[in-house]
Every structure is written in structure tokens, then in C-alpha cells.
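Scroll down for the structure; my scribbles are underneath it.
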Amino acid sequence: MNTRISQLFGVGLDVEIARINMRLVMIIQKRNDGLSLRNLLHICRTCDANNSGSLDRENFEKALKKYK
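Position 44 (the sequence shown) corresponds to 62 in this note's numbering; numbering is contiguous.
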């Protein structure tokens, strides 16, 4: 889905988050190696530099790049 920001004007942020979440779920399911979600969790944990249990945007992007 190629959606421009201008197309989302007036649409709630929760709708955009749901769309991004669905896209991420579809990418994980497409890998179909049985361990994809576990591998993604491991990569995200290694990218969490301060062990806070959450990632900022740039660390999340790094984790997704490593996952690919």
C-alpha cells in the first residue's frame, strides 16, 4: 500500500497505526520459517541499548533492517 500523508488527512492516528501493524504482521507471516516472530523479538531486544523494554524510532528501524 502506497499511502501518502495527504491521503490520511482527517483519518485518526489509530487507523494509520493499525495499517502499519497489519503490514508488519503480513511481512512476518510471509517469511514462513516458523521462528520469524521469535527472531524479530530477539533482534529487537539486542537493539534495546538501555534495556528499557522499548525502542525509539531509530533503534526500531535498525532492528527491522537486521530482520530483513
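Glycine residues also receive a C-beta, built at the ideal position from the N, C-alpha and C atoms.
Expressed to the nearest angstrom, what Euclidean distance is found between the alpha-carbon atoms of Leu-59 and Gly-71?
Roughly 11 Å between the two C-alpha positions.
Lys-10 (DSSP reduced to helix, strand or coil):
Here the chain comprises residues numbered 19 to 86, so residue 10 is not present and cannot be evaluated.
Determine the burial state of Ala-81: buried for a count of at least 16 other Cβ atoms within 10 Å of its Cβ, exposed for fewer.
buried
Measure from the alpha carbon of Cys-65 to the alpha carbon of each residue in Asp-32, Lys-48, Asn-77 and Ile-46, then state which is nearest.
Checking every option, the nearest Cα to that of Cys-65 belongs to Asn-77.
Taking 8 Å as the cut-off, decide whether the C-beta atoms of Asn-39 and Tyr-85 are in contact.
no
Would you kindly work out how many angstroms separate the C-alpha atoms of Ala-36 and Met-44, rounded to a whole number?
12 Å
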